[in-house]
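A short worksheet on the structure shown next.
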Amino acid sequence: MAANTVTPAVPVIPAPASAAGGPKLALPLPVLHTTVLDWYEANARDLPWRTPDASPWAVMVSEFMLQQTPVKRVLPVWETWLERWPTPADLAAEAPGEAVRLWGRLGYPRRALRLHAAAVAITTEHGGEVPDDHATLLSLPGVGEYTAAAVASFAFRQRHVVLDTNVRRVFARAVTGVEYPAQATTAAERRTATALLPDAAATAATWAVGVMELGALVCTARGPECGDCPLFTVCAWQRAGCPPYEGPARRGQTYEGTDRQVRGKLLAVLRDAHDTVPQALLDAVWPDAVQRARALDGLVADGLVEPVEQGVYRLPR
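Just so we're aligned, residue 183 is where the sequence shown starts under our numbering, counting upward by one.
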């Protein structure tokens with residue numbers, strides 16, 4: 183991508199909501215929207231869940247899988263999933279353990295159970311069609327505020343605030359002038375996102391995914407490509423001299439040697455077995471018996487593994 187040549191506006195022009203504590207911007211809102219939307223049109227990744235013929239179910243599956251997981255890892259699993267279960271009813275007809283099996287190594291496998299539970303609810307309560315109403319989406323198992331807003335926006339082209347980590351980081355830098363957002367979403371962030379949302383539903387839906395893409399490709403957590411950013415010359419963080427983050431320490435996620443790693447190894451044995459698994463096979467995957475037992479107990483408590491009898495386990499049915 184070429185370096186940007188956006189010309190900043192001379193005055194700081196408040197957004198319409200500024201009187202109520204909303205953001206102040208160095209661009210009028212229509213110009214800000216056009217700038218980001220034009221960038222997105224030119225730079226958006228070609229992803230199958232973004233195509234016009236992608237079903238609401240395909241979009242929902244992608245949103246479950248993309249939580250805390252990069253696109254390159256999600257793509258092959260998403261494609262396999264939709265080939266096997268192209269509708270919620272197809273998934274609902276299978277045992278939940280099959281969802282865990284096909285989830286593979288995406289991580290956080292409870293998402294597979296939640297997606298299966300959502301498929302059952304969609305099939306039994308909504309005629310097999312993903313609901314297009316935000317409140318109804320929010321009532322589905324495993325669907326939180328972000329997922330409900332994302333599905334309503336991306337699948338049904340509705341006007342909703344969609345706040346994921348990438349969007350929050352873009353707004354933190356471009357609008358608030360800080361390097362990183364708070365650890366958890368704040369009311370102030372929601373007010374900012376609401377004030378910046380375009381009025382037209384279809385435009386708002388594209389804006390939501392456009393800002394998200396900007397955060398994923400350019401305004402990244404580490405090593406942002408600021409020279410390629412369409413908001414470079416109007417970014418509040420740039421204008422402030424890129425002050426370093428001063429909030430609470432940002433802890434990186436560890437994996438090696440953790441219970442998460444042990445859980446993954448235990449699940450891998452169960453996924454590959456396609457039947458019951460004796461304790462001896464599970465014992466072979468990790469030398470620390472105490473940690474191994476703790477991880478296995480956690481998998482059972484989470485519903486990811488079922489004890490069949492003493493010392494015999496399987497994926498849930």
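Beta carbons: idealized from backbone N, C-alpha and C, even for Gly. Everything numeric in this text was worked out from a predicted model, so none of it was measured.
Exercise for the section: Identify every residue that forms a DSSP beta bridge with Pro489. Expected result: Tyr495
Practice task
Identify the continuous alpha helix (DSSP H) that holds Arg373 and give its terminal residues.
Solution key: 369 to 378
Practice task
Kindly confirm or deny that the segment 241 to 261 and the segment 331 to 340 touch, where touching means at least three C-beta pairs closer than 8 Å.
Solution key: yes
Problem - Exposure label - Gly279; buried when at least 16 CB within 10 Å - result: Around the C-beta of Gly279, 16 or more other C-beta atoms lie within 10 Å, and the residue is accordingly described as buried.
Problem - Best match in Arg499, Leu288, Ala281 for proximity to His298 [C-alpha to C-alpha] - result: Ala281
Exercise for the section: Assign Pro234 to one of three DSSP states: helix, strand, or coil. Expected result: coil
Exercise for the section: Taking 9 Å as the cut-off, decide whether the C-beta atoms of Phe353 and Glu327 are in contact. Expected result: Cβ atoms of Phe353 and Glu327: not closer than 9 Å.
Exercise for the section: Check whether the Cβ atoms of Gly359 and Ala418 sit closer than 9 Å, and answer yes or no. Expected result: yes
Problem - Backbone CA spacing between Ala383 and Leu229 [nearest angstrom] - result: 22 Å
Handout entry: Rounded C-alpha distance that separates Leu295 from Pro323
Key = 9 Å
Handout entry: Secondary structure, alpha helix (DSSP H): runs of 4+ residues fully inside the segment 418 to 478
Key = Fully enclosed alpha helix (DSSP H) runs of 4 or longer: 418 to 421, 441 to 455, 461 to 465.
Problem - C-alpha distance - Ile304 paired with Val451, whole-angstrom precision - result: 31 Å
Practice task
Report the partner residues of Leu214 according to the DSSP bridge assignment.
Solution key: For Leu214, which the question treats as bridged, DSSP gives no partner whatsoever.
Handout entry: Proximity winner among Val253, Pro291, Gly310, relative to Pro238 (alpha-carbon distances)
Key = Gly310
Practice task
Indicate whether Leu264 and Ala240 have their beta-carbon atoms separated by less than 9 Å.
Solution key: yes
Problem - Own chain, CB closer than 7 Å to Arg351, minus 5 neighbours either side, in chain order - result: Tyr362, Pro363, Gly397, Cys401, Ala403
Handout entry: 4-residue-minimum alpha helix (DSSP H) runs that sit fully inside the segment 307 to 390, ordered along the chain
Key = 316 to 320, 327 to 338, 347 to 353, 369 to 378
Problem - Where Glu261 falls, given that 16 or more other Cβ within 10 Å makes a residue buried - result: exposed
Handout entry: Nearest to Ala337 (by Cα), restricted to the options Val391, Thr374, Arg373
Key = Val391
Exercise for the section: Tell me, please, whether the CB atom of Thr388 is closer than 9 Å to any CB atom in chain C? Expected result: Of the protein chains in the structure, only one exists, and it is not chain C.
Handout entry: Counted within 10 angstroms of its Cβ, other Cβ atoms place Gly227 as buried (16 or more) or exposed
Key = Looking at the sequence itself, residue 227 is Arg, so the reference to Gly does not match. Result: exposed.
Exercise for the section: In the DSSP assignment, find the unbroken alpha helix (DSSP H) run with Asp272 in it and report its ends. Expected result: 270 to 274
Exercise for the section: To the nearest angstrom, report how far apart Thr269 and Arg292 are at their CA atoms. Expected result: 20 Å
Exercise for the section: May I ask you to report which of helix, strand or coil DSSP gives Leu209? Expected result: coil
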